[in-house]
Amino acid sequence: MGPMKRTLLLGRALRFALSITPVSVALSAAAAQQGNVDRLAHRIVTTSVAVRPGEVVVITGGKHTIPLMEALAIETQKAGGMAAILLSSDKVVRSLNVDVPEQFLTQEPRYFAEWLKRADVFITLPTASDIKALDAGVPATRLAKVNEAGQFLPPLLDDMKFRELDISYPTRERGASWGIEGQTYVTMMWNAIGADYQRIAQQGDALRDMLQGAKSVHVTSPSGTDVTFAVEGRPAFVDEGVITAEKAKGKKFLARDVGLPGGTVFMAPLETSANGRVVVPRVQCRFLTMTGVSFEFKDGKLENLKATKGLNCLNELMSASGGPTNVIGGFSIGLNPGLKVHEEGNAAYYGGGSAAGVVYVSIGDNQLLGGGNITSGNFGFGFPIRDATVAIDGKTVVERGKLSF
Numbered sequence: 019m020g021p022m023k024r025t026l027l028l029g030r031a032l033r034f035a036l037s038i039t040p041v042s043v044a045l046s047a048a049a050a051q052q053g054n055v056d057r058l059a060h061r062i063v064t065t066s067v068a069v070r071p072g073e074v075v076v077i078t079g080g081k082h083t084i085p086l087m088e089a090l091a092i093e094t095q096k097a098g099g100m101a102a103i104l105l106s107s108d109k110v111v112r113s114l115n116v117d118v119p120e121q122f123l124t125q126e127p128r129y130f131a132e133w134l135k136r137a138d139v140f141i142t143l144p145t146a147s148d149i150k151a152l153d154a155g156v157p158a159t160r161l162a163k164v165n166e167a168g169q170f171l172p173p174l175l176d177d178m179k180f181r182e183l184d185i186s187y188p189t190r191e192r193g194a195s196w197g198i199e200g201q202t203y204v205t206m207m208w209n210a211i212g213a214d215y216q217r218i219a220q221q222g223d224a225l226r227d228m229l230q231g232a233k234s235v236h237v238t239s240p241s242g243t244d245v246t247f248a249v250e251g252r253p254a255f256v257d258e259g260v261i262t263a264e265k266a267k268g269k270k271f272l273a274r275d276v277g278l279p280g281g282t283v284f285m286a287p288l289e290t291s292a293n294g295r296v297v298v299p300r301v302q303c304r305f306l307t308m309t310g311v312s313f314e315f316k317d318g319k320l321e322n323l324k325a326t327k328g329l330n331c332l333n334e335l336m337s338a339s340g341g342p343t344n345v346i347g348g349f350s351i352g353l354n355p356g357l358k359v360h361e362e363g364n365a366a367y368y369g370g371g372s373a374a375g376v377v378y379v380s381i382g383d384n385q386l387l388g389g390g391n392i393t394s395g396n397f398g399f400g401f402p403i404r405d406a407t408v409a410i411d412g413k414t415v416v417e418r419g420k421l422s423f
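With positions in the sequence shown counted from 1, the corresponding number in this note's numbering is that position plus 18.
1. Confirm, please, whether the CB-CB distance from Ala232 to Val245 is below 8 Å.
2. Alpha carbon to alpha carbon, how far is Leu386 from Lys496? Give it in angstroms, no decimals.
3. Are the CB atoms of Ser147 and His236 within a distance shorter than 8 Å?
4. Give me whichever residues DSSP pairs with Met308 in a beta bridge.
5. When the Cα atoms are used, what is the spatial distance from Arg418 to Leu353?
6. Reducing DSSP to helix, strand and coil, say where Val76 ends up.
7. Measuring only the C-alpha atoms, how far is Gly268 from Thr326?
8. Does the structure place the segment 86 to 99 close enough to the segment 65 to 73 that three or more beta carbon pairs sit under 8 Å?
9. Looking at the structure shown, is Gly258 part of a helix, part of a strand, or coil, going by DSSP?
10. Just how far apart, CA to CA, sit Val74 and Gln201?
11. Excluding sequence positions up to five away, which residues of its chain have a Cβ less than 7 Å from the Cβ of His60?
12. Give the DSSP-derived three-state secondary structure of Val345 in the structure shown.
13. Can you name the residues that DSSP bridges to Val416?
14. How about Ile410 and Val377: are their beta carbons less than 8 Å apart?
15. Note down, one range per segment and in chain order, each beta strand (DSSP E) of at least 3 residues found wholly within the segment 364 to 399.
16. Give me the Cα-Cα distance between Phe271 and Glu334, rounded to the nearest whole angstrom.
17. Helix, strand or coil: which one does DSSP assign to Lys63?
18. Go through its chain and collect everything with a Cβ distance to Ile403's Cβ below 6 Å, but skip five positions before and after it.
19. DSSP three-state label for Arg295, please.
20. Please classify Lys265: is it buried, with 16 or more other beta-carbons within 10 angstroms of its beta-carbon, or exposed?
21. In angstroms with no decimal places, state the Cα-to-Cα distance between Cys303 and Ala286.
22. Applying the criterion that 16 or more other CB atoms from any shown protein chain within 10 Å of the CB defines a buried residue, is Lys163 buried or exposed?
23. Who does Ser234 pair with in a DSSP beta bridge?
24. From what residue to what residue does the beta strand (DSSP E) around Thr142 run?
25. Quick check: what's the CA-CA separation for Arg380 versus Phe349?
26. Just to check my reading of the structure: Gly363 and Gly197 have Cβ atoms closer than 8 Å, yes? What is that Cβ distance to the nearest angstrom?
27. Please work out which residues of its chain come closer than 8 Å, Cβ to Cβ, to Phe122, disregarding the five sequence neighbours upstream and downstream, and give them in chain order.
28. The beta strand (DSSP E) that contains Lys3, what's its start and end?
29. Got a sec, what are the start and stop residues for the alpha helix (DSSP H) Gly200 sits in?
30. Pick from Lys135, Leu143, Trp133 and Leu134: whose alpha carbon is nearest that of Ala91?
31. May I ask which residues mark the beginning and end of the alpha helix (DSSP H) holding Ala338?
32. I'd like to check one pair, Gly341 with Thr407: are the Cβ atoms closer than 8 Å?
Now the structure itself:
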């Protein structure tokens, strides 16, 4: 799971708290689209998170995900687990962003952390379907306060025991938010959820081992990206869609957190090591497409940020936060062949960092990755590099957007 996707999913859990009222998990796209949530739930409970008797399983989601939440709870009970369902909605999340008096926005949901301490498994589904509408028109300063309320949680996660599965339950509305035709998005996502995760795990483990033994990474692209950074001594993580028994014992939270769709290798470069130029033709900022983005890294710091459209969006987010918001924070390579790049019309979708061969470089918070950046509200922002070529200590592992190892 890429750094940007990780930020989004962590935000999902925190916003839920604030607004509370190698085995394949393959499921055919046809079966999933026919509403066979029972089959999907069975595979998730028995394979993805492998619920054991006596375990506490917390399931969160929105009104549109109730059928899968119910099926997950039923399968959990049949496996001997104890299920708790927590529900939110588009309306509740939107109200938090828009209606709640500002003095209450920074209230920390410490109770939620106490609940997580008692959980063995945490399964998240999207709390909202029309995700673009959640913060439309909301000032960046207000969103920063909402995020600030949850910044206490990341430092606690490594010491907790629970394992987490984040399911990007697809809807037509979510596709439209990304600028993708609804059914096209839904079909793609179910195909990606049903990908060959054994193959993804093999590729991910190989990349992780290369990165953890490496000194430097060099990324180039036809658009003009040419950047190098150091990774020596930093851990690399693999989101392979399945929490194996080995992963469940991980000391780091990210070692026991996966997504569906999954398929990413990610890590934090050394913060002062990045040098070079990054050119990104398109990237989404609050579901608005920025174009012609370019900047330089000098000793890890972002400089000379430019864009032909949408620059104010990113500048406002960075200004509303605090800390090393302009410092390199993460790097990822996508592995999932079911996720596709979409740039039709005004779209700028890159599989959340998990589309096979897509590379992300991110700035901002990277504490969960084992890095040293701690930003206000855990701010982070990822830049997708299309058709990238990646060399690890001189060995090419991605060539023009295709995995090549």
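Beta carbons: idealized from backbone N, C-alpha and C, even for Gly.
Being a predicted model, the structure only gives us computed values, none of them experimental.
The answer reads as follows:
1. Contact check for Val245 against Ala232 fails: the beta carbons are separated by 8 Å or more.
2. Lying before the first or after the last residue shown, residue 496 is absent from the chain, which here runs from 19 to 423.
3. no
4. Val301
5. 14 Å
6. strand
7. Near 43 Å, if we compare the C-alpha coordinates of Thr326 and Gly268.
8. yes
9. Correcting the residue identity first, residue 258 is Glu in this sequence and not Gly. Glu258: coil per DSSP, three-state reduction.
10. 35 Å
11. If we look at His60 and ignore the five residues flanking it on each side, its Cβ neighbours are Glu93.
12. strand
13. For Val416, which the question treats as bridged, DSSP gives the partners Val408 and Leu421.
14. no
15. Qualifying beta strand (DSSP E) stretches, in chain order: 377 to 382.
16. 30 Å
17. Per the sequence shown, residue 63 should be read as Val rather than Lys. Residue state, collapsed to three classes: helix.
18. The answer, listed in chain order, is Ser239, Thr243 and Val377.
19. strand
20. buried
21. 22 Å
22. By the beta-carbon neighbour count (other beta carbons within 10 angstroms, threshold 16), Lys163 is buried.
23. Ala248
24. Val139 to Thr142
25. Rather than Arg, the amino acid found at residue 380 in this sequence is Ser. Answer to the nearest angstrom: the Cα atoms are 6 Å apart.
26. 6 Å
27. Cβ within range, chain order: n/a, list empty.
28. Since the first residue of the chain shown is 19 and the last is 423, residue 3 is not available in this structure.
29. Counting along the chain, the alpha helix (DSSP H) containing Gly200 begins and ends at Gly200 to Ile211.
30. Leu143
31. Leu329 to Ala338
32. no
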